[in-house]
Amino acid sequence: MDPYWVLAAKSCFADKPSESIDIPAGAPKDKTTVTVGRTDPSTSGGHTSDISELVPHPDRDLVMARLAQPATTITPVALSSQAPVTGEQLTIAGYGRTSTGWGPVKLHTAAVTVGTIAATGFDIAAKSPSDTTACKGDAGAPALRTENGKPALVALGSRSWQDHCLDANAAKAGAYDTRTDDIRGWIGTHILRRLAVSQTASADFTSDGVGDLVVKDAAAGDLLLSAGNKGGSFSVPKKLTGGWDFTETTAGDFTGDGKPDLIARTAANVLYLWTGDGAGSFSTPKQLTSGWDFTQTTAGDFTGDGKPDLIARTAANLLYLWAGDGAGSFSTPKQLTSGWDFTQTTAGDFTGDGKPDLIARTAANLLYLWAGDGAGKFSTPKQLTSGWDFTQTTAGDFTGDGKPDLTARNASGDLLLWIGEGSGNFSRVTPGS
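Numbering (this note's numbering), first residue to last: 531 to 963.
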């Protein structure tokens, strides 16, 4: 369901699953290989990789397994957001035992019907009473429905009563599947937390009232969108485009249509604008200006006219402001200050007065706040915290409470989240927890 990750049954990695399916996070105990994109194990197609890391779900028979080598040529399956409905028909697929064979040499599928539904899973039964549902070897098998003409994942196989399976004496019929529809935020956040990224921008690109993240995959060079969910979790990243060889990626409603756009710079210092459609997609780029040799570009309505402006720094540590006209153009720059030897300059209304502020970090890892006056000026700095040894600090309302929060990456590259109180203070939480 992502080039770097697959989903599996947690019980497959447990030493004694009949006693406990709990497993530790981290590298698997034994060398484990995963193959995707191949329906016949005897062939050489698809993609094969070792599993480098396991992330078990705390209360479900489900584990995320990270591939040591990403499956970049295999299209991931989508995670359905629709809850299962009693009586609906799903398709399960697997390589487990059947009623006539110990283990088929090719992928096989079966139609099943959803039964009783619980908070974390649901019963399934064979469409025909004489058919099998799931047998030994089918743990972790996907249960799929068709959405918009494509398969979407609804659940994973957890346990089966083995009815009509070869050499099994079943006491009851059916099987039990683990739901995935209601943990998409948990899955997506863990993907995003461990993704090596080189740029981050934030805005409500999907128009649902919650801040989203646009990031650049440092390894693949792809630009990805991870939609935010209320409470501080994120969806599975969606690829926007490949070959994103731009820098200074910054978000804001630069065209005045109420939909966030993107700007970014080429290696030749040409600044471009991509207009957002409010649904997570963007137009072809339009050149704004050349000679954009500035860094730490950040956006906000610093002048109080309802139109996003830009702030950026020169190589000589001069901080400038470009007033926006709300139509995708900007004025000549106005110098705000000199000696701006800070990094990770980020804008947001952190103090809750409706006027964008700035935060930035010193070389000694002190994080400071400059309160904005709504007229293009800022107060003397106030220290927020020390020990801010994080990178890619980004602001947005990731919890949906109307107050800007912060995300940043630690030295290991993990994504971290700080909830904003709307008064210039923040509290750290684990995103998606």
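All C-beta atoms, glycine included, are put in the ideal place defined by N, C-alpha and C.
Rounded to whole angstroms, ARG843 and LEU897 show a C-alpha spacing of 17 angstroms. In the DSSP assignment, LEU722 falls within the unbroken alpha helix (DSSP H) covering 714-723. Counting every other CB atom within 10 Å of its CB across the protein chains shown gives ASP775 a total below 16, marking it as exposed.
For LYS540, the three-state secondary structure derived from DSSP is helix.
In the DSSP assignment, PHE832 falls outside any beta strand (DSSP E), carrying neither H nor E. The beta carbon of ASP532 is closer than 8 angstroms to those of PRO606, ILE721, VAL766 and PRO767 in its chain, skipping five residues each way along the sequence. By the Cβ-count criterion, ASP871 is exposed, with fewer than 16 other Cβ atoms from all chains shown falling within 10 Å of its own Cβ.
In summary, THR662 is buried, with 16 or more beta-carbon neighbours lying within 10 Å of its beta-carbon over all protein chains present.
GLU583 has ARG596 as its beta-bridge partners, per DSSP. In the DSSP secondary-structure assignment, GLN874 is not bridged to any residue. With a threshold of 16 other beta carbon atoms within 10 Å, GLN692 meets it and is buried.
Where GLN729 is concerned, the enclosing beta strand (DSSP E) starts and stops at 727-733. The beta carbon of ALA544 is closer than 6 angstroms to those of ILE551 and ILE553 in its chain, skipping five residues each way along the sequence.
In the three-state reduction of the DSSP assignment, TRP804 falls in the strand class, which pools E and B.
Judged by their CB atoms, PRO600 and TYR534 are nearer to each other than the 8 angstroms cut-off. When the five nearest sequence neighbours on each side are left out, no beta carbon in the same chain lies closer than 6 angstroms to the beta carbon of ALA846. In this structure, the CA atom of ALA809 is about 15 angstroms from the CA atom of GLY782.
Contact between the stretch 848-864 and the stretch 911-924 is absent, with fewer than three C-beta pairs closer than 8 angstroms. Contact between VAL684 and ALA673 holds, with the beta-carbon distance rounding to 5 angstroms and staying under 8 angstroms.
Sequence-distant partners of SER732 (beyond 5 residues in either direction) whose C-beta falls short of 8 angstroms from its own C-beta, in its chain, are GLY741, ASP742, LEU743, VAL744, ALA781, THR924, ALA925, GLY926, PHE928 and THR937.
With 16 or more other CB atoms across the displayed protein chains lying within 10 angstroms of its CB, VAL642 is buried.
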